[in-house]
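Each remark here refers to the structure printed beneath this line.
In the UniProt record's numbering, the protein residues as written are 1 to 262.
Shown next, in the form of structure tokens:
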């Protein structure tokens, strides 16, 4: 069996990640929304990076089986600056694994020009349904909430957890406001103009999120599952638990998710 990483002289295989996900409670039929950083688990044991990426995609697919669903962010923010979004050709800006994943057999990408996702599996059509907002209930994040998907932070911290922006919007936090972005979208042979709403922060630097603040709370409430593989940590929390925890914290302090009070 070909190792994927080496850490402290120990080889790390795909089976090690499968065991880790099972330890976290991932089971056949689950829906996973994965935020990945592949650089943290150890030294790459493969010269061909695509072989590593393929191995990791296989890990997630095997963990949920034929009845499960895998989704990853393939976000692209350039639409907000007037750049055309091409569903097929605009690259994901949130990691090499997400860009690789969207090109794999059976994987499709949503047409959302800012917060697109790529999905594979039994419920991918539900995940990929297009909405004209970024973080409202009728978006991919609302769908993940309704499905009670398992959010997997694969080597990243909660700072990367975009689902918490959904919690902010549903809670109508006072430091963000709705803005509409309009531009050009290319979806296969179709090119058209469209507009999407985005619950944005001010551009003056007065608002900076600190989503890592929720991690110790989740741990105290026994809502967070975690394990290590090599040098990297994998965290898992259910979408409903994360929403309820975030909403409760914002009830007590509407500025809870900020680095500083505005």
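The C-beta atom is built at its ideal place from N, Cα and C for all residues, glycine as well. In this text the structure is predicted, and so the values were computed from the model without any measurement.
DSSP places residue 153 in the uninterrupted beta strand (DSSP E) bounded by 150-154. Excluding the 5 residues flanking it on each side, residue 122 has same chain C-beta neighbours closer than 7 angstroms at 67, 68, 69, in chain order. Annotation for residue 19: no beta strand (DSSP E) segment contains it, though the alpha helix (DSSP H) segment containing it runs 14-23. Restricting attention to 107, 11, 93, 22, the CA atom closest to the CA of residue 41 is found in 11. Collapsing the DSSP output to three states places residue 38 in coil.
The Cβ atoms of residue 2 and residue 46 sit closer than 8 angstroms to each other.
Per DSSP, residue 60 is one residue of the alpha helix (DSSP H) stretching across 49-64.
Just so you know, the alpha carbons of residue 169 and residue 245 end up roughly 15 angstroms apart.
For residue 144, the secondary structure class from DSSP, reduced to helix, strand or coil, is helix. Apart from the 5 residues on each side of it in sequence, residue 43 sits with its Cβ closer than 6 angstroms to the Cβ of 6 in its chain, given in chain order. In the three-state scheme derived from DSSP, where H, G and I count as helix and E and B as strand, residue 46 is classed as coil. As for any alpha helix (DSSP H) of minimum length 4 sitting wholly inside the segment 88-175, the runs are 96-101, 124-128, 140-147, 163-170, ordered along the chain. Secondary-structure assignment with DSSP links residue 190 through a beta bridge to 187. Distances from the CA of residue 73 to each of 36, 211, 197, 86 were compared; the closest alpha carbon is that of 36. Close CB contacts of residue 80 within its chain, under the 8 angstroms cut and outside five residues either way in sequence, are with 114, 181, 198 (chain order). Taking C-beta atoms under 8 angstroms as the contact rule, residue 130 and residue 110 qualify, at a distance of about 6 angstroms. Taking the CA atoms as reference points, residue 149 sits about 8 angstroms from residue 240. The alpha carbon of residue 76 has as its nearest neighbour, out of 65, 63, 98, 202, the alpha carbon of 98. In terms of Cα proximity to residue 15, the closest of 171, 100, 63 is 63. Assignment of residue 199 by DSSP, reduced to helix, strand and coil, places it in the strand class.
Around the C-beta of residue 230, 16 or more other C-beta atoms lie within 10 Å, and the residue is accordingly described as buried. Residue 190 and residue 104 have their C-alpha atoms roughly 22 angstroms apart. Going by DSSP, residue 216 is part of no beta strand (DSSP E) but of the alpha helix (DSSP H) stretching over 214-220.
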